[in-house]
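Data block below; observations after.
Number of protein chains: 4
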Amino acid sequence: MLESLRAEVLEANLELVRRGLVLYTFGNASGLARAEGLVVIKPSGVPYNEMTPAHMVVTDLKGRVVEGNLRPSTDLATHIALYLSSPRVGGVVHTHSRHATAWAQAGREIPCFGTTHADYFHGAVPVTEALSPAEVETAYEANTGVAILRTLGTRDALSCPAMLVHGHGPFCWGATVTEAVHTAVIVEELAAMAWMTIAINPAATPIALSLRDKHHFRKHGATATYGQK
Amino acid sequence: MLESLRAEVLEANLELVRRGLVLYTFGNASGLARAEGLVVIKPSGVPYNEMTPAHMVVTDLKGRVVEGNLRPSTDLATHIALYLSSPRVGGVVHTHSRHATAWAQAGREIPCFGTTHADYFHGAVPVTEALSPAEVETAYEANTGVAILRTLGTRDALSCPAMLVHGHGPFCWGATVTEAVHTAVIVEELAAMAWMTIAINPAATPIALSLRDKHHFRKHGATATYGQK
Amino acid sequence: MLESLRAEVLEANLELVRRGLVLYTFGNASGLARAEGLVVIKPSGVPYNEMTPAHMVVTDLKGRVVEGNLRPSTDLATHIALYLSSPRVGGVVHTHSRHATAWAQAGREIPCFGTTHADYFHGAVPVTEALSPAEVETAYEANTGVAILRTLGTRDALSCPAMLVHGHGPFCWGATVTEAVHTAVIVEELAAMAWMTIAINPAATPIALSLRDKHHFRKHGATATYGQK
Amino acid sequence: MLESLRAEVLEANLELVRRGLVLYTFGNASGLARAEGLVVIKPSGVPYNEMTPAHMVVTDLKGRVVEGNLRPSTDLATHIALYLSSPRVGGVVHTHSRHATAWAQAGREIPCFGTTHADYFHGAVPVTEALSPAEVETAYEANTGVAILRTLGTRDALSCPAMLVHGHGPFCWGATVTEAVHTAVIVEELAAMAWMTIAINPAATPIALSLRDKHHFRKHGATATYGQK
Chain A
0 MLESLRAEVL
10 EANLELVRRG
20 LVLYTFGNAS
30 GLARAEGLVV
40 IKPSGVPYNE
50 MTPAHMVVTD
60 LKGRVVEGNL
70 RPSTDLATHI
80 ALYLSSPRVG
90 GVVHTHSRHA
100 TAWAQAGREI
110 PCFGTTHADY
120 FHGAVPVTEA
130 LSPAEVETAY
140 EANTGVAILR
150 TLGTRDALSC
160 PAMLVHGHGP
170 FCWGATVTEA
180 VHTAVIVEEL
190 AAMAWMTIAI
200 NPAATPIALS
210 LRDKHHFRKH
220 GATATYGQK
Chain B
0 MLESLRAEVL
10 EANLELVRRG
20 LVLYTFGNAS
30 GLARAEGLVV
40 IKPSGVPYNE
50 MTPAHMVVTD
60 LKGRVVEGNL
70 RPSTDLATHI
80 ALYLSSPRVG
90 GVVHTHSRHA
100 TAWAQAGREI
110 PCFGTTHADY
120 FHGAVPVTEA
130 LSPAEVETAY
140 EANTGVAILR
150 TLGTRDALSC
160 PAMLVHGHGP
170 FCWGATVTEA
180 VHTAVIVEEL
190 AAMAWMTIAI
200 NPAATPIALS
210 LRDKHHFRKH
220 GATATYGQK
Chain C
0 MLESLRAEVL
10 EANLELVRRG
20 LVLYTFGNAS
30 GLARAEGLVV
40 IKPSGVPYNE
50 MTPAHMVVTD
60 LKGRVVEGNL
70 RPSTDLATHI
80 ALYLSSPRVG
90 GVVHTHSRHA
100 TAWAQAGREI
110 PCFGTTHADY
120 FHGAVPVTEA
130 LSPAEVETAY
140 EANTGVAILR
150 TLGTRDALSC
160 PAMLVHGHGP
170 FCWGATVTEA
180 VHTAVIVEEL
190 AAMAWMTIAI
200 NPAATPIALS
210 LRDKHHFRKH
220 GATATYGQK
Chain D
0 MLESLRAEVL
10 EANLELVRRG
20 LVLYTFGNAS
30 GLARAEGLVV
40 IKPSGVPYNE
50 MTPAHMVVTD
60 LKGRVVEGNL
70 RPSTDLATHI
80 ALYLSSPRVG
90 GVVHTHSRHA
100 TAWAQAGREI
110 PCFGTTHADY
120 FHGAVPVTEA
130 LSPAEVETAY
140 EANTGVAILR
150 TLGTRDALSC
160 PAMLVHGHGP
170 FCWGATVTEA
180 VHTAVIVEEL
190 AAMAWMTIAI
200 NPAATPIALS
210 LRDKHHFRKH
220 GATATYGQK
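Residue numbers (numbering that gives the first Met the number 0), protein chains in the order written: chain A, 0 to 228; chain B, 0 to 228; chain C, 0 to 228; chain D, 0 to 228.
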């Protein structure tokens, strides 16, 4: 079932390892077969070097395992919240990558300090508020999704393809799981650059909106000129 | 004697090298054969690329060499203090890994700034007090163990599987030496993230106890849901 | 057409990857065939591991594609501005390398804190002013070149072979594209060292002019003694 | 001539590359044949991947080339100053390794913040004063040696086997060039740890003298217990 998506989800998880974004069994990536209403996600706590497409777990959008003998990643409910939030989200990735996690632990959004950032985000990479004790105690993983969506507000999820969960780490998403991994790599790089930026100049400010828009719309939307036709 | 433990201890020492936690002959890992009351430990000052299981030194719990022609690691007495402190400790690792050592040198515990940390520790990674001149001058390595146990207080060692020794570096332990190495890798990562966290937000605070407990007990204890059954 | 320059430009782009200066399709390098008035530049958004010399795009000095089916790098107009500014510039490189970009985002020049720096630059690595909204909205890439030349002032471009573009990242140049890549690697290293220098001593000052000149002219100009005759 | 020393000096230079201490042709290592009064040193500006033992340059202790067609490293005179300062110095290494150079650029000694440091140095890694303009203008490289010796004072060079030259970078030495390279690797590590230590705790202080002495004399001198007999 969903052989091609299983393969893509496995590859996405392995790419997280190759890019240095995960330690041990940290992190998880999933993809959505929207027509079927099925999620393919990494199993919980299985070493990356042993994973095959057959280890991927298939669940429905209520989180019930449809195929597979393994438990899905504990963060499944957060992934599902994102899939349900927008018809355009087809992949979700969560890591504890070092620099992005440091911003999440610091409880600060990553400001749009430069064009590298603007090439991917039309503004800061936001950070959620801390979850309340009640949100943590019951349905924690689903409430993590609620916190992300609360911070997204009325924006479509794809217009802001990543967020830091307060005290936790980055969640990233995209039209496909492959895109979501790409975004996870970028967020880690932006987090590293921003950390150094404020060390070099504690009064550093985000770039002007004109520059932000120029870079963002060179790469995104109808007027994009980056890349090949 | 203890062939399988010798192999595991060697492998643990080599894993420290592969994970980038040791330079040259820094660091040491040991394992305990509790039934026999014997410790298998890395020899002192032997290059990692020359070590074989036969180089591992076997001692009793008074630190006397039982098998082997080489001197054991100078830190043997600290390892033994941990083995004697709890019937559950089966492996001990000491490194001078860069970030964790920086916290030890700074004389600060590593606060529980995020869920990555809470997944492994139920609170800060503590730091000992500095040893007194008298403790340093006589039985220094044993007194390092005393300082660790003093800071542990009434807690069982496995409930807090690592500590920073003031002005020195991290000691980590676990049910096995393999687990202790895993913890040493995690402590280094937590130390790196925490260093960046306070640079990004000098007023960063530990996560709420509810979030800490949720993550900790997703992975530890009777109610754990992480990983496979 | 220009087979040897195509090969050199490809190699220069690949060297940026090997040196860790670019992520994904970030960065671009070009070379000039001055006699022919032709620029050979990396195509926009093509993965590095798929590029061959045939993918390089040949344009004239007005930015019109002369040979090749691919779009040139979006930053072409900035490269051309540098080629037109000095008869000695034969190669241009742009990266978003991590440390140099952090200085650009911080809006600060990299001070000449040591002899490593003075070996390559006769003073700070300058940073441009931020472009005005009007400069960003129309002919942005050409205006980026204008901003660089404005900051260069009356200096010949080769006397200051790199600059940080405010809120963006480093542009580097040289007599050849191979030299420009070498400079890009050096600028990244200088940026890293300078970042740590001001962390260690916020009051750090540039080295004395006598030391700066001694090092610079050991390696550059008629009195150079570095290297082989 | 001096085939075995040529091989050791080449290997020492290559080890600097493998350990990540040098970029391009930065850095240099030399060894002394004291009985013959001859220095074997890396040639200036030759890429490391092309160097063979035959490229090493042999000079006398006045810096005159005795064998070889290549120019010696520009820093030869500094190496010679160290060889002449103590009958025990047999190897000298100079790098621009990133963290140690940052401390040199900051103009600060590296405090003895921990036992890793004390294992190698009996106190801080000192930094020289800045050279005067007159010292820079004439016999600069020899005067760099003078500045090092001035800061050493009455200590034997081997009792303090490294120093930061103000605004420049580390010089390291030892009984052999192999030892000097080892020290260069350690100094870089100590510099990295110390940089993070003061970021974590700006009020961090050196370890107590009792702890410093305990560690130092576990590894050095007549009472050493580290390593094998």
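Built from N, CA and C at the ideal position, the CB exists for glycine as well.
Fair warning: this is a prediction, and the values are worked out from it, not measured in the lab.
Margin query: Please list the terminal residues of the continuous alpha helix (DSSP H) segment that includes residue 188 (chain B).
Written below: Your numbering for residue 188 (chain B) matches position 189 in the second sequence. Counting along the chain, the alpha helix (DSSP H) containing residue 188 (chain B) begins and ends at 176-199.
Check: Taking C-alpha atoms, which residue in C:46, C:69 and C:48 lies nearest to residue 56 (chain C)?
Finding: Mapped onto the third sequence, residue 56 (chain C) falls at position 57. Ranking the options by Cα distance to residue 56 (chain C), first place goes to C:69.
Note to self: Does the CB of residue 209 (chain D) have a neighbour CB from chain B at under 8 Å?
What the structure shows: As a working note, residue 209 (chain D) is residue 210 in the fourth sequence. Yes - at least one Cβ of chain B is within 8 Å of the one on residue 209 (chain D).
Check: So the beta strand (DSSP E) residue 40 (chain A) belongs to, where does it begin and stop?
Finding: Locating residue 40 (chain A) in the first sequence gives position 41, where the first residue counts as 1. Note, residue 40 (chain A): beta strand (DSSP E), 37-40.
Note to self: Cβ closer than 9 Å: which chain B residues qualify as neighbours of residue 167 (chain A)?
What the structure shows: Position 168 of the first sequence, counted from the start, is the residue given in the question as residue 167 (chain A). Residues of chain B passing the Cβ test: 113, 114, 115, 206, 210 and 214.
Note to self: I want to know whether the segment 80-98 of chain D touches the segment 138-145 of chain B - three or more CB-CB distances under 8 Å.
What the structure shows: no
Notebook entry, point to check: Cβ of residue 132 (chain A) less than 8 Å from any chain G Cβ?
Noted result: Absent from the structure is chain G; the protein chains it does hold are A, B, C and D.
Check: For the segment 5-21 of chain C against the segment 157-177 of chain B, are there 3 or more C-beta pairs whose distance is under 8 Å?
Finding: no
Note to self: Could you check whether the segment 44-55 of chain A touches the segment 113-128 of chain A, counting it as contact only if at least three pairs of C-beta atoms, one from each stretch, sit closer than 8 Å?
What the structure shows: no
Notebook entry, point to check: With 16 other CB atoms within 10 Å as the buried threshold, where does residue 227 (chain B) fall?
Noted result: Along the second sequence, read from residue 1 onward, the residue named residue 227 (chain B) stands at position 228. Classification of residue 227 (chain B): exposed, given that the 10 Å Cβ count is below 16.
Next item on the list: Provide the residue span of the alpha helix (DSSP H) that contains residue 12 (chain C), from first to last.
Entry: Working through the third sequence from its first residue, we reach residue 12 (chain C) at position 13. That run of the alpha helix (DSSP H) goes 2-17.
Next item on the list: Put residue 147 (chain B) into one of helix, strand or coil per three-state DSSP.
Entry: As a position in the second sequence, residue 147 (chain B) is number 148, starting the count at 1. DSSP places residue 147 (chain B) in helix when its eight states are reduced to three.
Check: Does any CB atom of chain A fall closer than 8 Å to the CB of residue 14 (chain B)?
Finding: Counting from 1 along the second sequence, the entry for residue 14 (chain B) is found at position 15. No, residue 14 (chain B) lies away from the interface with chain A (no Cβ there is under 8 Å from its Cβ).
Next item on the list: Just the chain B side, please: which residues come within less than 8 Å of residue 73 (chain A) by C-beta, in chain order?
Entry: Numbered from its first residue, the first sequence carries residue 73 (chain A) at position 74. Under the 8 Å cutoff, chain B gives 217, 224 and 225.
Notebook entry, point to check: Taking the alpha carbon of residue 4 (chain C) as the point to measure from, which residue in C:36, C:145 and C:18 has its own alpha carbon closest?
Noted result: Here residue 4 (chain C) corresponds to residue number 5 of the third sequence, with the count starting at 1. Considering only alpha carbons, the answer is C:36.
Next item on the list: Return the first residue and the last residue of the beta strand (DSSP E) that residue 230 (chain C) is part of.
Entry: Residue 230 (chain C) falls outside the range modelled here, since chain C spans only 0 to 228, and no answer is possible.
Check: Is it true that the segment 140-154 of chain A meets the segment 122-129 of chain A, where meeting means three or more beta-carbon pairs spaced less than 8 Å apart?
Finding: yes
Next item on the list: Name, please, each residue of chain B whose Cβ falls closer than 8 Å to the Cβ of residue 99 (chain D).
Entry: Mapped onto the fourth sequence, residue 99 (chain D) falls at position 100. The contacting residues do not exist; residue 99 (chain D) stays about 14 Å from chain B at best.
Item checked: Nearest-angstrom Cβ-Cβ length linking residue 196 (chain B) and residue 104 (chain A), presumed shorter than 8 Å -> Numbered from its first residue, the second sequence carries residue 196 (chain B) at position 197. Numbered from its first residue, the first sequence carries residue 104 (chain A) at position 105. Right, their Cβ atoms sit about 4 Å apart.
Notebook entry, point to check: What is the DSSP secondary structure of residue 43 (chain B), reduced to helix, strand or coil?
Noted result: By 1-based counting over the second sequence, the position of residue 43 (chain B) is 44. Looking at residue 43 (chain B) - three-state DSSP - the assignment turns out to be coil, as it is neither helix nor strand.
Checklist line | Where residue 71 (chain B) sits in the DSSP three-state scheme | finding: As a working mapping, residue 71 (chain B) is identified with position 72 in the second sequence. Strand.
Next item on the list: Please name the residue in D:64, D:22, D:75 and D:67 whose C-alpha comes closest to that of residue 100 (chain D).
Entry: The sequence position of residue 100 (chain D) within the fourth sequence is 101, counting from 1. If we check each option's Cα against that of residue 100 (chain D), D:22 comes out closest.
Note to self: Suppose the cutoff is 8 Å on Cβ atoms and the five residues either side in sequence are ignored; what does the same chain contact list for residue 217 (chain B) look like?
What the structure shows: Position 218 of the second sequence, counted from the start, is the residue given in the question as residue 217 (chain B). Contacts found: 118, 223, 224 and 225.
Item checked: Contact set between residue 63 (chain D) and chain C, taken where Cβ atoms lie within less than 8 Å -> Here residue 63 (chain D) is taken as the residue at index 64 of the fourth sequence, counted from 1. Result: empty, since nearest Cβ-Cβ is about 15 Å, beyond 8 Å.
Next item on the list: Would you verify that the beta carbon of residue 43 (chain B) is, or is not, closer than 8 Å to some beta carbon of chain D?
Entry: Walking along the second sequence from the start, residue 43 (chain B) turns up at place 44. Yes, because at least one Cβ of chain D sits closer than 8 Å to the Cβ of residue 43 (chain B).
Next item on the list: With residue 212 (chain D) as the anchor, note down where its alpha helix (DSSP H) starts and where it stops.
Entry: Numbered from 1 along the fourth sequence, position 213 holds the residue referred to as residue 212 (chain D). Run containing residue 212 (chain D): 208-218, per the alpha helix (DSSP H) assignment.
Margin query: For the alpha helix (DSSP H) containing residue 93 (chain B), name the first residue and the last one.
Written below: Position 94 of the second sequence, counted from the first residue, corresponds to residue 93 (chain B). Premise fails: residue 93 (chain B) lies in the beta strand (DSSP E), 90-93, not in any alpha helix (DSSP H).
Checklist line | Contacts that residue 186 (chain A) makes with chain C (C-beta to C-beta distance below 9 Å) | finding: Start at 1 with the first residue of the first sequence, and residue 186 (chain A) comes out as number 187. Per Cβ cutoff of 9 Å: no residues; residue 186 (chain A) is ~12 Å from chain C at best.
Next item on the list: Just the chain C side, please: which residues come within less than 7 Å of residue 95 (chain D) by C-beta, in chain order?
Entry: Locating residue 95 (chain D) in the fourth sequence gives position 96, where the first residue counts as 1. Per Cβ cutoff of 7 Å: 115.
Next item on the list: Answer with buried or exposed for residue 63 (chain D), where buried requires no fewer than 16 other C-beta atoms within 10 angstroms of its C-beta.
Entry: Residue numbering aside, residue 63 (chain D) sits at position 64 when the fourth sequence is read from its first letter. Flag for residue 63 (chain D) reads exposed.
Checklist line | Interface residues of the segment 189-201 of chain C facing chain D [CB-CB below 7 Å] | finding: 191, 192, 195, 196, 198, 199 and 200
Notebook entry, point to check: Roughly how many whole angstroms lie between the Cα atoms of residue 192 (chain D) and residue 207 (chain B)?
Noted result: Mapped onto the fourth sequence, residue 192 (chain D) falls at position 193. Mapped onto the second sequence, residue 207 (chain B) falls at position 208. In a straight line, the C-alpha of residue 192 (chain D) is about 30 Å away from that of residue 207 (chain B).
Check: Given that a residue counts as buried once 16 or more other Cβ atoms are within 10 Å of its Cβ, and exposed if not, what is residue 59 (chain C)?
Finding: Translated into the one-based positions of the third sequence, residue 59 (chain C) becomes position 60. Exposed, since its Cβ has fewer than 16 Cβ neighbours within 10 Å.
Note to self: By DSSP's criteria, residue 162 (chain C) is part of a beta bridge. Which residues make up the other side?
What the structure shows: For this step, residue 162 (chain C) is matched to residue 163 along the third sequence. For residue 162 (chain C), which the question treats as bridged, DSSP gives the partners C:170.
Margin query: Just to make sure I have the definition right: I need the residues of chain B whose C-beta is within less than 7 Å of the C-beta of residue 139 (chain A). Which are they?
Written below: Translated into positions along the first sequence, residue 139 (chain A) becomes position 140. The answer, in chain order, is 213.
Margin query: On the criterion of 16 or more Cβ atoms from any shown chain inside 10 Å, does residue 28 (chain C) qualify as buried, or is it exposed?
Written below: On the third sequence, residue 28 (chain C) is found 29 positions in, with the first residue counted as 1. Result: buried.
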